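Asker: Those protein sequence lines, which keep their order, are chains A and B.
Mapping of the first sequence onto my numbering: position 86 corresponds to residue 86, and the numbering continues sequentially without gaps.
Mapping of the second sequence onto my numbering: position 191 corresponds to residue 191, and the numbering continues sequentially without gaps.
From the three backbone atoms N, C-alpha and C, an ideal C-beta is built for every residue, glycine too.
Being a predicted model, the structure only gives us computed values, none of them experimental.
One structure follows; several queries about it will come next.
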Amino acid sequence: MMHSEIDIDHLAKLARIELDGHKRETFLNQLQDIVGYCSKVCEAGVENLEPRVHSFSHEGNFWAEDIPEYPEDGVDFLSRNAPEMKEKQIVVPRVL
Amino acid sequence: MENLIWGTFEQLSEGLEKKQFSSVELTKAFIARTYAIDKSLKAFLNFDEKKTLAEAEASDVRRSRGQSLGRLDGVPVGLKDIFAEKGQRLTCGSRILEHFVSPYDATVVKKLKDAGAVLWGRLNMDEFAMGSSSENSAFQVTSNPWDLDRVPGGSSSGSAAAVAAGEVSLSLGTDTGGSVRQPASMCGVVGLKPSYGCISRYGMVAYASSLDQAGPLARTAGGVAALLQVLSGADPKDSTCARMHVPDYLAAVQSSEGKKWILGVPEEYFGEGLDSEVKSSVEKAIHFYEAQGYIVKPVHLTSLEYAIPVYYIIATAEASSNLARYDGIRYTYRSPRAKNIDEVYDQSRSEGLGEEVKRRILLGTYVLSSGYYDAFYGKAQKVRRLIYNDFMRAFAEVDVLVTPTSPVPAFKKGEKTSDPLAMYLSDLYTISVNLAGLPAISFPCGFTNRGLPIGCQLIGKPWEETTLLSMAYTFEKHHPFNLKIPNL
């Protein structure tokens, strides 16, 4: 895999991660090694195989919706976990 | 009471039932042990002693009234810091969740509470379960109980180390590519990765959702069986959880002793890169089964060479999506430098997430990005099918596959931290199991000359957990490596 094929700045932007100069070089070199190793999948003869996108070995009910429960005191707990709250609303910097 | 901490699950459960000791006495013994050694071991991220002792007292009251909830009632169980326990901190080993408090109980936690288990502590882990040594935890590096200069494996590092060191009787970890089995192997305990869909993932922080599965650890196969029984079964809150009949695993394991299965030995798992002492110990385990009357056959799993590439494409792709939620808005950490919404996202993630997590998010973003999706992610899904087919072909001839769990025993701290790819390769023998959704167990099968534990892995057909537990149970009855005690 060629060095130029990994646009590290574009990836960082998509992933919302800041990379300074030193980190940028380190990550680029490491990703280059890892992507090079992962390119091995291209050698596999799988032309006639269907993709396997899950790990189920059972007749799943996986098209069913999850049925979550909301704890009665959920808002209080969320309040405790959000970095900034005001009148039970999460505060974010102005966007407009 | 100090020797209580070295009792097997079966002995402790029976002792509680016969009122030879109380849950409070048992729990206090584990707490005392934790205070005595955890400054050097660093298996625990935090604990709530008062809450834990209250749970033990409640168990004793139930028992005194003849209302025991079963085998697990009063037995201390440790949790990897990835499971939600209402009112307790849940960090997932990450700065970005450092002050997060769980608003509800994970299904596994609810099931443990319903079974009367005493929940003791939050156990260290590689950040977001990404790692094989605990060195990716944002807070501390756990030591291996058998050699404090070495790693305990990962990512369920604290879960394995705490059980091996006598800080807790049973523990729960998670296994996305070997994160229960590899640390179990390196710490000399038994660890099971169940079939995908066996245990609910509700309330378990997601890393790679199509691979993640909770798994029990204990010093005996019986302890693992008892914990599995409580944790298994359908959950309306997790549609990937199978609607299955939950057998009495412990009774089934004990009653199936003497049954002989056909074992497959995949040649590819015994080649280059395998430590000679690990190879020798696993081969001795195979010879033991053969001497017991099992049929041993060579098989081939040629897709092994693709396991790590496929895993690091699929797992990181799923991680890049799952971890997008940590954006500085809802989950405790927000960068104090951020002045606008873009800076909140970028700076909070950059300051709150560790190096390995960022590396995997970037890799996942790459394999999903335009121009590379088909070449990497699409192709990997097809190779995943190839790996699954390879296993099913082998299982047409044999019942169980026998392999080493890890190519090497516990390595020195810092030995692989500068080379991520070398670290990834330490999971070579465990990763395929997750890609195929199969059950697999690691149990101690020997020690190196340096005194480091060696793990043997048994891989089963889907939903054949009982077979794996039975085989591990048979082995440990003849070779009690699992009962050796580290000198701490």
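According to DSSP, simplified to helix, strand and coil, what is Asn29(A)?
Answerer: In the first sequence, residue 29(A) corresponds to position 29, counting from 1. If DSSP states are grouped into helix, strand and coil, Asn29(A) belongs with the helices.
Asker: What are the residues that DSSP puts in a beta bridge with Gln457(B)?
Answerer: By 1-based counting over the second sequence, the position of residue 457(B) is 457. The partner list for Gln457(B) (beta bridge, DSSP) reads Thr403(B), Ser442(B).
Asker: Can you find a C-beta in chain B that's less than 8 Å from the C-beta of Met1(A)?
Answerer: By 1-based counting over the first sequence, the position of residue 1(A) is 1. Any answer about Met1(A) is weak, because its pLDDT of 44 lies below 50 and its placement is not dependable; what the coordinates show is given next. Not an interface residue.
Asker: In angstroms with no decimal places, state the Cα-to-Cα distance between Gly15(B) and Gly166(B).
Answerer: Counted from its first residue, the second sequence places residue 15(B) at position 15. Counted from its first residue, the second sequence places residue 166(B) at position 166. The straight-line gap from Cα to Cα measures roughly 17 Å.
Asker: Is Gly121(B) helix, strand or coil by DSSP?
Answerer: For the purposes of this step, residue 121(B) is taken as the residue at position 121 of the second sequence. Strand, per DSSP.
Asker: Closest to Glu5(A) by CA distance: which of Asp175(B), Tyr372(B), Glu464(B), Arg243(B) is it?
Answerer: For the purposes of this step, residue 5(A) is identified with residue 5 of the first sequence, where counting begins at 1. Per the Cα distances, Tyr372(B).
Asker: Around the C-beta of Leu483(B), are 16 or more other C-beta atoms found within 10 angstroms, so that it is buried, or is it exposed?
Answerer: Taking the second sequence and counting its residues from 1, the one referred to as residue 483(B) is at position 483. Result: exposed.
Asker: Figure out for me which residue from Ile199(B), Leu425(B), Ser256(B), Arg349(B) has the closest Cα to the Cα of Leu438(B).
Answerer: Numbered from 1 along the second sequence, position 438 holds the residue referred to as residue 438(B). Selected option, being the one with the closest Cα: Ile199(B).
Asker: What number of angstroms, rounded off, separates the C-alpha of Leu49(A) from the C-alpha of Lys413(B)?
Answerer: In the first sequence, the residue the question calls residue 49(A) occupies position 49. In the second sequence, the residue the question calls residue 413(B) occupies position 413. Spanning the two alpha carbons is a distance of roughly 42 Å.
Asker: For a cutoff of 8 Å on Cβ pairs, would you count Gln20(B) as touching chain A?
Answerer: Along the second sequence, one-based indexing puts residue 20(B) at 20. So no, Gln20(B) is outside the interface.
Asker: Does chain A have any CB closer than 8 Å to the CB of Lys382(B)?
Answerer: To locate residue 382(B), count along the second sequence from 1; it is residue 382. Lys382(B) counts as touching chain A.
Asker: Touching or not, the stretch 175-193 of chain B and the stretch 151-164 of chain B, by the rule of three or more beta carbon pairs under 8 Å?
Answerer: Flag = yes, the stretch 175-193 of chain B and the stretch 151-164 of chain B touch.
Asker: Excluding the 5 residues preceding and the 5 following Phe83(B) in the sequence, name in chain order all residues of the same chain whose CB lies nearer than 7 Å to its CB.
Answerer: The sequence position of residue 83(B) within the second sequence is 83, counting from 1. Counting only Cβ-Cβ distances below 7 Å, and skipping sequence neighbours, we find Ala106, Val108, Val109, Leu172, Gly203, Met204.
Asker: Just to confirm, is the Cβ distance from Ser459(B) to Val408(B) under 8 Å?
Answerer: The residue given as residue 459(B) occupies position 459 in the second sequence. The residue given as residue 408(B) occupies position 408 in the second sequence. With the sequence shown as reference, residue 459(B) is identified as Ile, and Ser is not the correct amino acid for it. Not a contact, by the Cβ cut-off of 8 Å.
Asker: Where do the ends of the beta strand (DSSP E) carrying Ser171(B) lie?
Answerer: Walking along the second sequence from the start, residue 171(B) turns up at place 171. Here the beta strand (DSSP E) through Ser171(B) covers 170-174.
Asker: DSSP on Pro145(B), reduced to helix/strand/coil?
Answerer: Residue mapping note: residue 145(B) aligns to position 145 of the second sequence, counting from 1. Correct three-state label for Pro145(B): coil.
Asker: Under the three-state reduction of DSSP, which class applies to Phe139(B): helix, strand or coil?
Answerer: Translated into positions along the second sequence, residue 139(B) becomes position 139. Three-state result, Phe139(B): coil.
Asker: What are the residues in the stretch 61-84 of chain B lying within 8 Å of chain A by C-beta distance?
Answerer: Within the stretch 61-84 of chain B, no residue has a Cβ that lies closer than 8 Å to any Cβ of chain A.
Asker: Closer than 9 Å, Cβ to any Cβ of chain B: which residues of the stretch 77-96 of chain A, in chain order?
Answerer: Listed in sequence order: Phe77, Leu78, Arg80, Asn81, Ala82, Pro83, Glu84, Ile90, Val92, Pro93, Arg94, Val95.
Asker: Given that a residue counts as buried once 16 or more other Cβ atoms are within 10 Å of its Cβ, and exposed if not, what is Leu362(B)?
Answerer: Walking along the second sequence from the start, residue 362(B) turns up at place 362. Counting Cβ neighbours within 10 Å, Leu362(B) comes out buried, since at least 16 surround it.
Asker: For the stretch 211-283 of chain B, which segments carrying the beta strand (DSSP E) assignment without a break, of at least 3 residues, lie completely within its bounds, in sequence order?
Answerer: Whole beta strand (DSSP E) segments, 3+ residues: 214-218, 262-266.
Asker: Out of curiosity, what's the CA-to-CA distance linking Ile34(A) and Ser335(B)?
Answerer: Numbered from its first residue, the first sequence carries residue 34(A) at position 34. Numbered from its first residue, the second sequence carries residue 335(B) at position 335. Spanning the two alpha carbons is a distance of roughly 30 Å.
Asker: Assign Ile485(B) to one of three DSSP states: helix, strand, or coil.
Answerer: Looking up residue 485(B) in the second sequence gives position 485. Three-state DSSP puts Ile485(B) in coil, outside helix and strand.
Asker: Given that Ile329(B) touches chain A, what residues does it touch there, using C-beta distances under 8 Å?
Answerer: Counting from one through the second sequence, the residue named residue 329(B) turns up at place 329. Chain A residues near Ile329(B): Ala82, Pro83, Ile90, Val92.
Asker: Mind pulling the chain A residues with CB within less than 8 Å of Phe128(B)?
Answerer: Here residue 128(B) refers to the residue found at position 128 of the second sequence. Ordered by position in chain A, no residue passes the 8 Å Cβ test against Phe128(B), which lies about 14 Å from the chain.
Asker: Based on the DSSP secondary-structure assignment, which residues constitute the bridge partners of Asn322(B)?
Answerer: Position 322 of the second sequence holds residue 322(B). The partner list for Asn322(B) (beta bridge, DSSP) is empty, contrary to what the question assumes.
Asker: Report yes if the C-beta distance between Ala82(A) and Arg330(B) is below 8 Å; otherwise report no.
Answerer: For the purposes of this step, residue 82(A) is taken as the residue at position 82 of the first sequence. For the purposes of this step, residue 330(B) is taken as the residue at position 330 of the second sequence. For Ala82(A) and Arg330(B), yes; Cβs fall inside 8 Å.
Asker: Interface residues of chain B around Gln30(A) at Cβ under 7 Å?
Answerer: For the purposes of this step, residue 30(A) is taken as residue 30 along the first sequence, with counting starting at 1. Here the neighbours are Arg359, Pro420.
Asker: Below 7 Å on C-beta distance, what does His54(A) contact in chain B?
Answerer: By one-based count along the first sequence, residue 54(A) stands at place 54. Per Cβ cutoff of 7 Å: Ser210.
Asker: Thinking just about the alpha-carbon of each residue, which of Met392(B), His245(B), Ala161(B), Asp73(B) is nearest to the one in Gly115(B)?
Answerer: Position 115 of the second sequence, counted from the start, is the residue given in the question as residue 115(B). Going by the sequence as given, residue 115(B) is Ala instead of Gly. Residue Asp73(B) is the option with its Cα nearest to Ala115(B).
Asker: Taking the beta strand (DSSP E) that Lys297(B) belongs to, which residues open and close that run?
Answerer: On the second sequence, position 297 is the one that residue 297(B) refers to. Segment 295-299, the beta strand (DSSP E) holding Lys297(B).
Asker: Below 8 Å between beta carbons: does that hold for Leu490(B) and Ile387(B)?
Answerer: Any property of residue 490(B) remains undetermined from this structure, which presents chain B solely from 1 to 488.
Asker: For the beta strand (DSSP E) holding Val433(B), just list the boundary residues, first then last.
Answerer: As a position in the second sequence, residue 433(B) is number 433, starting the count at 1. Careful: Val433(B) lies outside any beta strand (DSSP E), inside the alpha helix (DSSP H) at 431-436.
Asker: For Gly7(B), which of helix, strand or coil comes out of DSSP?
Answerer: Against the second sequence, residue 7(B) aligns to sequence position 7. Of the three classes helix, strand and coil, the one that applies to Gly7(B) here is coil, per DSSP.
Asker: Roughly how far, in whole angstroms, is the beta-carbon of Gly131(B) from the beta-carbon of Glu356(B), given that I think they are within contact range, below 8 Å?
Answerer: On the second sequence, position 131 is the one that residue 131(B) refers to. On the second sequence, position 356 is the one that residue 356(B) refers to. That belief holds up - the Cβ atoms of Gly131(B) and Glu356(B) are roughly 6 Å apart, short of 8 Å.
Asker: Pair every Cβ in the stretch 83-99 of chain B with every Cβ in the stretch 122-141 of chain B, then say whether three or more of these pairs are closer than 8 Å.
Answerer: Yes, they touch.
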